[in-house]
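Working notes, structure below.
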Amino acid sequence: LGEAVRQARLQVAPSVQDFKYNKKRVRLVSQGSDLKDAAQGVVYWMSRDQRVQDNWAFLYAQRLALKQQLPLHVCFCLVPKFLEATIRHFGFMLKGLQEVAEECQELDIPFHLLIGFAKDVLPAFVTGRGLGGVVTDFSPLRVPMQWVEDVKERLPGDVPFVQVDAHNIVPCWVASDKQEYGARTIRRKIHDQLSEFLTEFPPLIKHPYPSTAPAEPIDWNACRASLQVDCSVKEVTWATPGTAAGLAVLESFIGERLKSFGTDRNNPNRAALSNLSPWFHFGQVSVQRAILEVQKYRSKYKESVDGFIEEAVIRRELADNFCYYNRNYDKVEGAYDWAKTSLKLHAQDKRSHLYELKQLEEGKTHDPLWNAAQLQMVHEGKMHGFLRMYWAKKILEWTRSPEEALEFTIYLNDRYELDGRDPSGYVGCMWSICGIHDQGWAERAVFGKIRYMNYAGCKRKFDVGQFERRYDPR
Ligand code: FO1
Numbered sequence: 279l280g281e282a283v284r285q286a287r288l289q290v291a292p293s294v295q296d297f298k299y300n301k302k303r304v305r306l307v308s309q310g311s312d313l314k315d316a317a318q319g320v321v322y323w324m325s326r327d328q329r330v331q332d333n334w335a336f337l338y339a340q341r342l343a344l345k346q347q348l349p350l351h352v353c354f355c356l357v358p359k360f361l362e363a364t365i366r367h368f369g370f371m372l373k374g375l376q377e378v379a380e381e382c383q384e385l386d387i388p389f390h391l392l393i394g395f396a397k398d399v400l401p402a403f404v405t406g407r408g409l410g411g412v413v414t415d416f417s418p419l420r421v422p423m424q425w426v427e428d429v430k431e432r433l434p435g436d437v438p439f440v441q442v443d444a445h446n447i448v449p450c451w452v453a454s455d456k457q458e459y460g461a462r463t464i465r466r467k468i469h470d471q472l473s474e475f476l477t478e479f480p481p482l483i484k485h486p487y488p489s490t491a492p493a494e495p496i497d498w499n500a501c502r503a504s505l506q507v508d509c510s511v512k513e514v515t516w517a518t519p520g521t522a523a524g525l526a527v528l529e530s531f532i533g534e535r536l537k538s539f540g541t542d543r544n545n546p547n548r549a550a551l552s553n554l555s556p557w558f559h560f561g562q563v564s565v566q567r568a569i570l571e572v573q574k575y576r577s578k579y580k581e582s583v584d585g586f587i588e589e590a591v592i593r594r595e596l597a598d599n600f601c602y603y604n605r606n607y608d609k610v611e612g613a614y615d616w617a618k619t620s621l622k623l624h625a626q627d628k629r630s631h632l633y634e635l636k637q638l639e640e641g642k643t644h645d646p647l648w649n650a651a652q653l654q655m656v657h658e659g660k661m662h663g664f665l666r667m668y669w670a671k672k673i674l675e676w677t678r679s680p681e682e683a684l685e686f687t688i689y690l691n692d693r694y695e696l697d698g699r700d701p702s703g704y705v706g707c708m709w710s711i712c713g714i715h716d717q718g719w720a721e722r723a724v725f726g727k728i729r730y731m732n733y734a735g736c737k738r739k740f741d742v743g744q745f746e747r748r749y750d751p752r
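Just so we're aligned: 709 in our numbering is position 431 of the sequence shown, and the numbers increase by one with no gaps anywhere.
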């Protein structure tokens, strides 16, 4: 699969202008004037979608550059810290970016790693090089949305600045213009538009208009040294960073695990998951590519393929919808009224156990299944999807308030999960603790009407002891 994508890249398409580019993927951040005659090039400011091929934002930037016969540049702005990210995450990201830089070089597209916040480095880069247009990708999260706003403020007024949703299959602002109630309400909207957006990618091609001023060589060690992040959370060994490795995981999912995804995905003892979320999170692999490949097996593994589309497309795009349209996407205030009222009503209920953050972080509760899940996350950077729900719900049960539960859950998720700091992570925590995208259930202590999960329920689903033994520290 990696090779197929590579080959596509090397093939010189007749002209990138020839394919039909769906402009609904693009929106204007600031108008500027038309690309100036004197412009020296176009730049793609890469952020969420850290890959060369299968990237609608990169393709759009190349299309603009080809139309005007201009050089194309790519920039990545490396911030010193981002939410709770540690060296585990920055290490994964930087190694992926190294591959991006190499691929860009083969395509005659200079890749620039700028150190610092975009607002401080990107406008100067654009003016310094006389560039005539900026294209960026899209994230609904508060911090990256603010980066875009800040750049907009500081870019010269005549430089057009556009944004492309290169992460979702149906662009977030096209899928729906409001916060959706749940999977039930967004599913049809997305499925109805899949035939329009779930299309094959044209290749990004070797760029025919080389830049006269090439990129500065990148000192990757200096990049690492510029970071102000916690280095005590170690990088993981099971997940090799980068697009090539991510595509190999996709291939192994299709060849080995897809057949049992439909039946075994809720069993943490079975290898049935795609495990692709770290590569999806950093945009090293496009979800659209994964779906294009997986859906070829629909007649063979219908249940699995449908289940994967539900999780990778519907649930994932629902998460972006939630974060985009709800500014309190990571706070109890962001919940539905029924959930807020119910949680408030039970705020004073006696908790069976109360744990401090440190006890939780070290996996030292009375519950061996919970501890095992926590240690899986701490050591491997990825907790099994089914256990993520159980894990978060127990934090609601064992802390002083829903606010504290959400704070701890998001902190731990963002700090340890490779795929943390992502809309899917915030929505996962909000679903478990605040009932987002869920319905009310029978009322009970502490949880109120929030769906409850317990150890006995897990025991009915899988061999809990087998999972606990895998992560037993003794
Ligand atoms: N994007 C950037 O443009 N620059 C960064 O330095 C950067 C660091 C970073 C660290 C951890 C992480 O999980 C993501 C990071 N991102 C960075 C990407 C990004 O902004 C996110 O993936 C999206 O916001 C997720 O929606």
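Using N, Cα and C, we set each Cβ at its ideal position, and we do this for glycine too.
Nothing here was measured: the structure is a model prediction, and the numbers come from that model.
CA nearest to the CA of residue i, picked from the options
| i | options | result |
| --- | --- | --- |
| Leu-356 | Leu-350, Gln-376, Leu-342, Tyr-338 | Gln-376 |
| Gly-743 | Arg-699, Ala-650, Arg-729, Ile-365 | Ala-650 |
| Gly-753 | Pro-438, Leu-385, Val-610, Ala-396 | Because residue 753 is not part of the residues shown, which for the chain are 279 to 752, the question remains open. |
| Ile-592 | Ala-461, Arg-748, Val-413 | Ala-461 |
| Arg-629 | Lys-618, Ser-538, Ala-723 | Ala-723 |
| Glu-431 | Gly-310, Leu-391, Glu-581 | Gly-310 |
| Ala-522 | Lys-580, Glu-474, Glu-381 | Glu-381 |
| Asn-606 | Leu-684, Lys-537, Gln-637, Lys-574 | Leu-684 |
| Ile-587 | Pro-480, Asp-716, Gly-394, Leu-536 | Leu-536 |
| Asn-300 | Ser-552, Trp-676, Leu-476 | Leu-476 |
| Trp-669 | Asp-645, Val-304, Glu-682 | Asp-645 |
| Val-440 | Tyr-749, Ala-339, Cys-501 | Ala-339 |
Any non-hydrogen atom of ligand 1 closer than 7 Å to residue i Cβ
| i | result |
| --- | --- |
| Phe-558 | no |
| Met-708 | no |
| His-390 | no |
| Val-563 | no |
| Phe-354 | yes |
| Pro-422 | yes |
| Asp-398 | no |
| His-367 | yes |
| Arg-432 | no |
| Arg-303 | no |
| Val-357 | yes |
| Arg-502 | no |
| Arg-250 | Residue 250 is absent from the structure shown; the chain starts at 279 and stops at 752. |
| Arg-594 | no |
| Arg-605 | no |
| Phe-360 | yes |
| Arg-699 | yes |
| Arg-693 | no |
| Ser-555 | no |
| Leu-419 | yes |
Beta carbon of residue i nearer than 8 Å to that of residue j
| i | j | result |
| --- | --- | --- |
| Pro-680 | Leu-419 | no |
| Ile-387 | His-485 | yes |
| Gly-659 | Arg-366 | yes |
| Gln-626 | Gly-641 | no |
| Thr-414 | Val-399 | no |
| Leu-361 | Val-320 | no |
| Ser-710 | Met-667 | yes |
| Leu-623 | Arg-678 | no |
| Tyr-566 | Ile-673 | In the sequence on display, residue 566 carries Gln and not Tyr. No, the pair does not count as a contact, with Cβ atoms beyond the cut-off. |
| Arg-543 | Ala-549 | no |
| Phe-336 | Leu-472 | no |
Reduced DSSP secondary structure (H/G/I, E/B, other) of residue i
| i | result |
| --- | --- |
| Gly-663 | helix |
| Cys-353 | strand |
| Gly-726 | strand |
| Phe-297 | coil |
| Gln-566 | helix |
| His-469 | helix |
| Arg-305 | strand |
| His-257 | The question about residue 257 has no answer here: the residues shown for the chain are numbered 279 through 752. |
| Met-324 | strand |
| Ala-291 | With a pLDDT of 48 at Ala-291, under the threshold of 50, the modelled position of that residue is not reliable, and the figure given next carries that caveat. Of the three classes helix, strand and coil, the one that applies to Ala-291 here is coil, per DSSP. |
| Thr-364 | coil |
| Leu-554 | coil |
| Leu-385 | coil |
| Leu-696 | coil |
| His-225 | Residue 225 lies beyond the residue range present for the chain, which begins at 279 and ends at 752; the question has no answer from this structure. |
| Phe-740 | coil |
| Thr-463 | helix |
| Phe-586 | helix |
| Phe-531 | helix |
| Val-448 | coil |
CB-CB length for residue i against residue j, believed under 8 Å
| i | j | result |
| --- | --- | --- |
| Thr-687 | Cys-707 | 5 Å |
| Asn-545 | Glu-458 | With 8 Å as the limit, Asn-545 and Glu-458 do not qualify as a contact, their Cβ atoms being about 29 Å apart. |
| Ala-597 | Val-705 | 4 Å |
Residue i: CB within 7 Å of a non-hydrogen atom of ligand 2
| i | result |
| --- | --- |
| Asp-436 | In the structure shown, ligand 2 is absent; the only ligands present are ligand 1. |
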